[in-house]
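Numbering-wise, the working numbering puts 125 at position 122 of the sequence shown, and it's gapless, one number per residue.
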Amino acid sequence: MVNRHKNNTLYYIMYSYTNQIRDDGFGAQYQTIIITYLHCMMNNMQYKYNPFIKVEHNYENDPFYTKKLEELINLKNNIETNIDSIILMFEDIRYNFEENIDNYCNTDAMKFIKECFWQNKEKDPFKNNKINIAVHIRRENSHDRGHAGERASTPNTYYLNIMNEIRETYKHKDGELLFHIYSQGNIENFKDLERKDVQFHLNEDITKTFVELVGANILIISPSSFSYVAALLSDGVVYYKNFWHNPRKEWIVRI
């Protein structure tokens, strides 16, 4: 932007922009960061990173919770942090991203987000030489305070149908299938999903869960920003559950 001193000398002001600070869950906050960064890169705007301050679902009151999440997304080490930047509100930029999601996700900027994510971790988190399918099942938790609504009520049969579809699709392909079910609650709530090719990961560490969702060969998401953002970072096959965030064209949509 050009401005002018009283003596008519020209000088330039370079504005920087940053992501909105939120206090909800990791998925929603990481989604906000990614979309803001991509918006800035697509519009030749200077972006400064706004780190986490408070993130929900810290069930153990871990004092290092936000530090672990910073290490998980690994942007603080790769992007200059916010100093007096203009905050872009998520709802103001979200619509354009979702209407043009493939254009945004096929950019060098999104490639950079992925590279930052994998920079400090193993890209194959399973190391078992199997076809690993991550299944995220969103269920009510104590921080929802009864407001999770339809996000947490998708029946187990929805996920079982997709799992059986994958079993049928891959039955003649090389490689043994292994389904990993990530959720919260008790194993009794998932008895109808038990099979020899299923492992349960209930109430596990959020960082471990997220890395495995992103790193899986196939990802089945729930109507949740947590697994939706994992899908944005994934290079695998994604089965998308229809909800208020748009899918990429290449994702397999299941209602």
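The beta carbon of each residue, even a glycine, is placed where N, CA and C say it ideally should be.
| Asked | Found |
| --- | --- |
| Close beta carbons around Lys9, own chain, < 7 Å, minus the five adjacent residues each side | Because Lys9 sits at a pLDDT of 49, beneath the cut-off of 50, its placement in the model cannot be relied upon, and the following sentence gives the value as read from the coordinates. Cβ neighbours of Lys9 beyond the five flanking positions: none. |
| Span of the alpha helix (DSSP H), counted from its first residue to its last, around Ser228 | 228-236 |
| Cα-Cα separation, Tyr162 to Lys130 | 24 Å |
| Selection from Leu196, Glu197, Ile184 that minimises the alpha carbon distance to Asn206 | Ile184 |
| Complete runs of the beta strand (DSSP E) confined to the stretch 22-101 [at least 3 residues] | 49-51, 89-91 |
| For Asn164, the first and last residue of its enclosing alpha helix (DSSP H) | 159-172 |
| Delimiting residues of the beta strand (DSSP E) encompassing Lys244 | 240-244 |
| Cβ contact (3+ pairs, closer than 8 Å) linking the stretch 233-249 and the stretch 45-53 | no |
| Completely contained beta strand (DSSP E) runs for the stretch 177-217, where each covers 3 or more residues | 180-186, 201-205 |
| CA nearest to the CA of Asp87, picked from Gly239, Val58, Thr21 | Thr21 |
| Proximity to Ser186 [Cα-Cα], best of Arg141, Thr157, Pro226 | Arg141 |
| Three-state secondary structure (DSSP) of Ile116 | helix |
| C-alpha gap between Arg198 and Arg25, whole angstroms | 39 Å |
| Residue from Asp208, Ser156, Leu216 whose Cα sits closest to the Cα of Gln182 | Rather than Gln, the amino acid found at residue 182 in this sequence is Phe. It is Leu216 whose Cα lies nearest to the Cα of Phe182. |
| Pick from Phe203, Glu94, Ile258, Glu179 that is closest to Ile190, judged by C-alpha positions | Phe203 |
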